[in-house]
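Below is one structure, written out as structure tokens, with a few remarks after it.
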Amino acid sequence: MKNTLISVCGLNCETCEARIATITNDDVLRKKTAEQWQKMFNSPEINPSSINCTGCRMDGVKIAHCNDCKIRSCAQNKGHQTCGDCNDLESCELVSMVHKFSPDALTNLKNIHN
């Protein structure tokens, strides 16, 4: 896996259905992903047309949330590529919410910095 396919918070963009739908131009997968994310994030405004993303650290299109992502903004303001570059990774309340629902994200951040 390329390090650039690990998001700022540690999620693996390589396996993300939004990214897969984008690079394969798969409208069925976009619809499925939108429906899942509506429920998962309690966000009925998510629709298939918003499921386009090449990854938050890659050039190209990003999901709308990237513009408002506090985790991404924090890392950028500190000059970090990912949260793994930050000394506060283990104690950061901001990124801990991601790591609670996706423990692999924390592992990914640790692995790319070893």
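Start counting the sequence shown at 306; every next residue gets the next number (my numbering).
Every residue, glycine too, gets a C-beta built ideally from N, C-alpha and C.
Compare the Cα-Cα distances from residue i to each of the options and report the closest residue.
i, options, result
"C361", "S355, I351, N352 and N372", "N372"
"S312", "C388, C397, D393 and L399", "C388"
"N353", "T359, G365, V333 and K344", "A small correction: the amino acid at residue 353 is Pro; Asn does not occupy that position in the sequence shown. When only C-alpha atoms are compared, the closest one is V333."
"F346", "H418, H385 and F406", "F406"
"I376", "D390, G365 and E319", "D390"
"S378", "V400, G365, S396 and V366", "V400"
"V366", "N330, K415 and P408", "N330"
"T359", "N413, P408 and T320", "T320"
Quick check: the Cα distance between residue i and residue j, rounded to an integer number of angstroms?
i, j, result
"N317", "T327", "15 Å"
"P349", "Q343", "5 Å"
"A369", "I417", "26 Å"
"T309", "Q386", "9 Å"
"G384", "D393", "14 Å"
Ignore the nearest five residues each way along the sequence and tell me which others in residue i's own chain have a CB closer than 7 Å to its CB.
i, result
"A410", "C314, G315, L316, V403 and H404"
"T338", "E322, A323, A326 and I356"
"K415", "G389"
"N413", "I311, G315 and N317"
Give me, in chain order, the residues of the same chain whose beta-carbon lies closer than 6 Å to that of residue i; leave out the 5 immediate sequence neighbours on both sides.
i, result
"H336", "Note that residue 336 corresponds to Lys in the displayed sequence, not to His. The answer, listed in chain order, is P353."
Per DSSP, what are the beta-bridge partners of residue i in this structure?
i, result
"I311", "N317"
Quick check: does the Cβ of residue i come within less than 7 Å of any heavy atom belonging to the ligand GDP?
i, result
"S401", "No copy of the ligand GDP appears in this structure; indeed no ligand is present at all."
Enumerate in chain order the residues of its own chain whose CB-to-CB distance from residue i is below 8 Å, with the five nearest sequence positions on each side excluded.
i, result
"M363", "T309, L310 and C318"
"I351", "A339, W342 and Q343"
Should residue i be flagged as near chain D, meaning a C-beta pair shorter than 8 Å?
i, result
"Q386", "Although the question refers to chain D, the structure presented lacks it and comprises just one protein chain."
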